[in-house]
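Residue numbering for the sequence shown follows my numbering, starting at 5 and increasing by one per position.
A virtual CB, placed ideally from N, CA and C, is assigned to each residue, including glycine.
Every value quoted in this text rests on a predicted model; they were computed, and no experiment measured them.
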Amino acid sequence: MALDLNNKAILITGGTGSFGKKFVEMVYARFPNVKRVVIYSRDELKQFEMSQVFPHSKYNSIRYFIGDVRDGERFKRACEGIDIIVHAAALKQVPAAEYNPMECIKTNVLGAENVINAALDCGVKDVVALSTDKAAAPINLYGATKLCSDKLFVAANNMRGKRDIRFSVVRYGNVIGSRGSVVPFFMKKRADGVLPITHPDMTRFNISLEEGVELVFHALEHHWGGEIFVPKIPSYRITDVAEAIGPNCEQEVVGIRPGEKLHEEMITETDSLNTVELNKYYVILPSTPVWETEDFLKVHNGQMVEMGFKYNSGTNTEWLTVDELRQQIRQHVDEHFSV
């Protein structure tokens, strides 16, 4: 049965972020009769700015709630009458998390617990939480908190009892052009004629905002509860991004920042024991499933990956070229972009 969000009430945490705005845009484009869309975030200025793009006068089902996922009571109040939660709120800056670890833990771990408790208490039907490639074999605090968050959402299915609710996770790589990412940083720095490169061999996974939203739609349509959905996406080399944005710029190697990896993983060798390959996605199954793996494989026409498989941005088989990167920047970041 195809996904239908018409007549559904949806809440998105961190809804004023890059993902949240694209999610709202695509929901209204596909499901014009959505019952309610609640933007839950803590920044009143960003909510005001977003309300200029999605005004109540045109989108009469949209609501803007100021609140923090750290505040369990406020969040529970916001969840009254909600059918679906998409949890996108997080503290994401790796160096900031290293310097302010408890703040990151309060939002990314304790905030996740608040989302789970509110969903269980308020009759929510579906919860999809956004993860990150940094949660796989984490070496920085941000990744460690998101791994904790992933574990919480997967394990929440063990606590649902007779409730009709499913929790799952989507995990993907860097979103090209998102706030705080390398593309807008390089575009700003290219006027100086020098682009700072952390390491010439560094690679990352790449996904567009649209593809990220499609992954959430896919999870909402197909999840049984407890899965971590991982898309098959291309990698890029950081030097190729620099070449795409500033071909005449000098590339200055400045060193890897605290908590950064040379390459990112989304599925580790250990994960391979519980990982299924589908057509466009991998799915990491819960280690303590609440349903039969064989039934899942049959329904989704999937197969278990080989033991020892890992999904790494440095050993990926699909890569974006410099020209493809330029095209993606023009398409997803700045339509007037030129070199």
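The DSSP-derived three-state label of D130 is strand. In this structure A223 is in contact with V132, their Cβ atoms being roughly 5 Å apart against a cut-off of 8 Å. Under a 10 Å Cβ-count criterion, L49 is classified as exposed, with fewer than 16 other Cβ atoms of the shown protein chains found around its own Cβ. Sequence-distant Cβ neighbours of A82 in its own chain, meaning closer than 7 Å and more than five residues away, are L15, V42, Y44, F69 and G71. Residue state for F190 is assigned as helix, using DSSP reduced to three classes. Looking at the backbone, the Cα of E215 and that of V234 are separated by about 12 Å.
Classified as buried, P142 has 16 or more neighbouring CB atoms from the shown chains inside 10 Å of its CB. Cβ contact annotation for E231 (same chain, cutoff 6 Å, sequence separation greater than five): S172 and V287, in chain order. For E218, the uninterrupted alpha helix (DSSP H) segment begins and ends at L213 to H226.
Just measuring C-alpha positions, the residue of N278, R330, A139 and P262 sitting nearest E310 is N278. A123 and I86 have their C-alpha atoms roughly 9 Å apart. Here I211 really is in contact with V179; their C-beta atoms are around 6 Å apart, less than 8 Å. With a cut-off of 8 Å on Cβ pairs, the segment 250–263 is in contact with the segment 139–154, counting three or more such pairs.
Contact between G18 and A93 holds, since their C-beta atoms are separated by about 3 Å, short of 8 Å.
Among the bridge pairs identified by DSSP, F233 is matched with V174 and V287. Just measuring C-alpha positions, the residue of S239, D168, I169 and V174 sitting nearest D154 is V174.
Just measuring C-alpha positions, the residue of Q97, C108, N104 and A160 sitting nearest V119 is A160.
In terms of CA proximity to N121, R78 leads the group F52, E273 and R78.
Between A248 and D327, the C-beta spacing is below 9 Å.
The beta carbon of I89 sits closer than 6 Å to the beta carbons of L15, A123, V128 and V131 from its chain, once the five residues preceding and following it are set aside; these are given in chain order. Judged by their CB atoms, I242 and G177 are not nearer to each other than the 9 Å cut-off. Look at R261 here: in three-state DSSP terms it is coil, with no helix or strand label. Taking each of V294, R167, V98 and G76 in turn and checking the Cα distance to G229, the smallest one comes out for V294. Closest in C-alpha terms to Q255, from the list S291, E298 and P200, comes P200.
With 16 or more neighbouring CB atoms inside 10 Å of its own CB, G181 falls in the buried class.
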